[in-house]
Each structure stands twice: as C-alpha cells, then as structure tokens.
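Undergrad: For the sequence shown, our numbering begins at 13 and goes up steadily by one. Don't be surprised by glycine CBs; every beta carbon is placed ideally from N, CA and C. Please read these numbers as outputs of a predicted model, since none were measured by experiment. Can you keep this structure in mind? I'll have questions shortly.
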Amino acid sequence: ASAHIVDVREPGEFAAGHVPGAINLPLSRFDVDALPTGKPVILMCLSGARSGRAHAACQGIGRDDIRHYSGGFSGWASHGGRIER
13 ASAHIVDVRE
23 PGEFAAGHVP
33 GAINLPLSRF
43 DVDALPTGKP
53 VILMCLSGAR
63 SGRAHAACQG
73 IGRDDIRHYS
83 GGFSGWASHG
93 GRIER
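Here's what the structure looks like:
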C-alpha cells in the first residue's frame, strides 16, 4: 500500500468492519506519536467528524504527511470499497 490507513473509531466499530489493512487508533485515546511513519497517513472514522479532530491534532504538531478521508467509512462502503471484518 502507498499509505497507512488509520481508523479512529472505537474498537467495537472497527471490528464490525473496516478498510482492509487499516490500523485502529481510537480517538478516545488518540496519540499523534503512535501514528505510523514512512508513508503518508490517511485518517478516517465513520462519517469524517472524529477523523477531522484527529487531523487537526496532527496539524497542531506539524505532521504534514497526514490526510483526512472526509467521506468516512460510510462513504467508503457506499462507494463499493472493500471491507474487512
């Protein structure tokens, strides 16, 4: 993969379905320092609100390799994106 997908939903939501290969770092205990490095990072949640807050935190410390998938997991799924459980 050309980017790390980081899903900031809670573990139960993540377990119910997520983008294949995604990493779960819940917003409730989000730590910017725990984000993977080496490739761009794409943050996502269900609808885009929580990942937007996580993205703002990343920008606050100067990580410019972080992107926000504003459509969220629901947008991914509704557009036929692959889902892993």
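Measuring straight from C-alpha to C-alpha, what distance separates D76 and K51?
TA: Taking the sequence shown and counting its residues from 1, one reaches residue 76 at position 64. Taking the sequence shown and counting its residues from 1, one reaches residue 51 at position 39. Rounded to the nearest angstrom, the two C-alpha atoms are 11 Å apart.
Undergrad: Spatial neighbours of P48 within its chain, please: CB distance less than 7 Å, with the 5 preceding and 5 following residues excluded, ordered by chain position.
TA: Taking the first residue of the sequence shown as position 1, residue 48 is located at position 36. H16, I35, listed in sequence order.
Undergrad: Please classify V53: does DSSP put it in a helix, a strand, or coil?
TA: Within the sequence shown, the letter at position 41 stands for residue 53. If DSSP states are grouped into helix, strand and coil, V53 belongs with the strands.
Undergrad: In three-state terms, what does DSSP make of R75?
TA: By 1-based counting over the sequence shown, the position of residue 75 is 63. Coil.
Undergrad: Alpha helix (DSSP H) containing F42: first to last residue?
TA: Here the question's residue 42 lines up with position 30 in the sequence shown. No alpha helix (DSSP H) holds F42; DSSP gives it neither H nor E.
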